[in-house]
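Chemist: Here's a structure for you.
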Amino acid sequence: MPEYRRILLDGAATQVIRDGDDLVSADGRVVRADDAVHLPPCEPSKVVAVHLNHRSRVEEFQTKLPPAPTFFHKPISALNAHGGAVVRPERCRYLNYEGEIAIVIGRTARNVAPKEAGDYIAGYTVANDYGLHDFRDTDAGSMLRVKGSDTLCPLGPGLVTDWDFQGKYLRTYVNGELVQDGSTGEMEWDMHYLVADIARTITLYPGDVLLSGTPANSRPVQPGDVVEVEAEGLGRLRNHIVAGPVPIRDDCGAQPTESEEVISTAFGGDWEFRGIRAPRR
C-alpha cells in the first residue's frame, strides 16, 4: 500500500513517498524517515470528528449510542504532525489522548450514498484527537476549546491509500505502556457511513479530514509524556506533551475548571456523582 508523507525538505513543504526507512521526493531527493520534520499528511479545509462510535467507549461510560452519529468541529489551527509537541496550557490539568483513525477525502463529496462513499476517500492516516477537558464547562457543549485548541489534532505520519479498514487494531501507548486497545470492528458506523452522513449537508473537499472515534480508556497525560497511536497498516503517530509557555489569561473569558463533569469525563465517566463507581486515576 503506497504511503505518502509531507515533510519539510530544504525548507519547503514537500510530498514524499515512503520506501522502507527512507522518504523519497518526486525529484529523487532522499531523507531518512526518522530524521524528517513531518507536516500533516494532508491540507484540510476542515476537520470533523464523531463523538461516540466505539462500543468499548460506550460501555465505559455506561451510556447508549445515539440513533445516528453526532459530530463536532476542530479548527485547522489545531493541526499538528508526527513528532510535534502537544501543548497543555499552564493552569490546565486534564489533557486527554484519544487514539483514532482519520479519513482523508480525495474528491469533492456532496450527497453521496454510503455504498459510494469509498470512491471519495483518498486514504487514511492515524490521529490523536486530544481533549483539553478543563474547558468542558464552557462553549455550550460545542467543545470548541476542548478539542480545538492549538496543537490538539496531530495527524500522521503518512497517508496510506488502498487500506482496508475492516478488522484493524487501534492502540495507544503512553511512555511505551499500552493504554488503549481497540479495533475498527467495534465501530458502530464505518468510514463510508461517516463520510456519507456528513456529506448530506456539508460539502467535503479534497484533503478534508473526518475523525472516526476512539476506543475506551482515554485518560489525562502530563508534560514530558510521549504518546503514540498505532493503527494496523497505517503506522505509528508519535507526539510529546509540553507545558504551555504562558498561562491562560485570566482577565477575560471562561477559565479552566475542575468540576465533577470535567473530572468524570477525563477519567472515563467513572465519577461517583454518576452513581457508577469510584474514579480510577
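In terms of this note's numbering, the sequence shown opens at residue 834 and continues consecutively. Idealized CB from N, CA, C, for every residue including glycine.
1) Identify every residue that forms a DSSP beta bridge with Arg921.
2) At what residues does the alpha helix (DSSP H) containing Glu1094 begin and finish?
3) Taking only runs that begin and end inside the stretch 845 to 890, name each unbroken beta strand (DSSP E) of 3 or more residues, in chain order.
4) Report buried or exposed for Ser1051, applying the criterion of at least 16 other Cβ atoms within 10 angstroms of its Cβ.
5) Since Glu836 and Leu992 should fall inside the 8 Å C-beta cutoff, what is the C-beta to C-beta distance between them, to a whole number of angstroms?
6) Expressed to the nearest angstrom, what Euclidean distance is found between the alpha-carbon atoms of Leu885 and Pro1078?
7) Quickly, what does DSSP pair Phe905 with across the bridge? List them, please.
8) Could you check what DSSP says for Val945 in three-state terms: helix, strand or coil?
9) Could you check the C-alpha separation between Thr1090 and Ser858 for me, to the nearest Å?
10) What is the DSSP secondary structure of Ala1049, counted as helix, strand or coil?
11) Have a look at Pro902 and Ser889 and give me their C-alpha separation to the nearest angstrom.
Modeler: Straight from the coordinates:
1) Numbered from 1 along the sequence shown, position 88 holds the residue referred to as residue 921. DSSP output for Arg921 lists Ala1076 as bridge partner(s).
2) Mapped onto the sequence shown, residue 1094 falls at position 261. Note, Glu1094: alpha helix (DSSP H), Glu1093 to Ala1099.
3) 845 to 852, 855 to 858, 863 to 865, 870 to 872 and 880 to 883
4) Here residue 1051 refers to the residue found at position 218 of the sequence shown. With 16 or more neighbouring CB atoms inside 10 Å of its own CB, Ser1051 falls in the buried class.
5) Here residue 836 refers to the residue found at position 3 of the sequence shown. Here residue 992 refers to the residue found at position 159 of the sequence shown. Confirmed, about 7 Å.
6) Position 52 of the sequence shown, counted from the first residue, corresponds to residue 885. Position 245 of the sequence shown, counted from the first residue, corresponds to residue 1078. Cα-Cα distance, rounded: 33 Å.
7) For the purposes of this step, residue 905 is identified with residue 72 of the sequence shown, where counting begins at 1. Ala882, per the DSSP bridge assignment.
8) Translated into the one-based positions of the sequence shown, residue 945 becomes position 112. Residue state, collapsed to three classes: coil.
9) Here residue 1090 refers to the residue found at position 257 when the sequence shown is read from its first residue. Here residue 858 refers to the residue found at position 25 when the sequence shown is read from its first residue. Roughly 47 Å separates the two Cα atoms.
10) Along the sequence shown, one-based indexing puts residue 1049 at 216. In the structure shown, Ala1049 sits in coil (DSSP, three-state: anything other than H, G, I, E or B).
11) Looking up residue 902 in the sequence shown gives position 69. Looking up residue 889 in the sequence shown gives position 56. Spanning the alpha carbons of Pro902 and Ser889 requires a straight line of approximately 16 Å.
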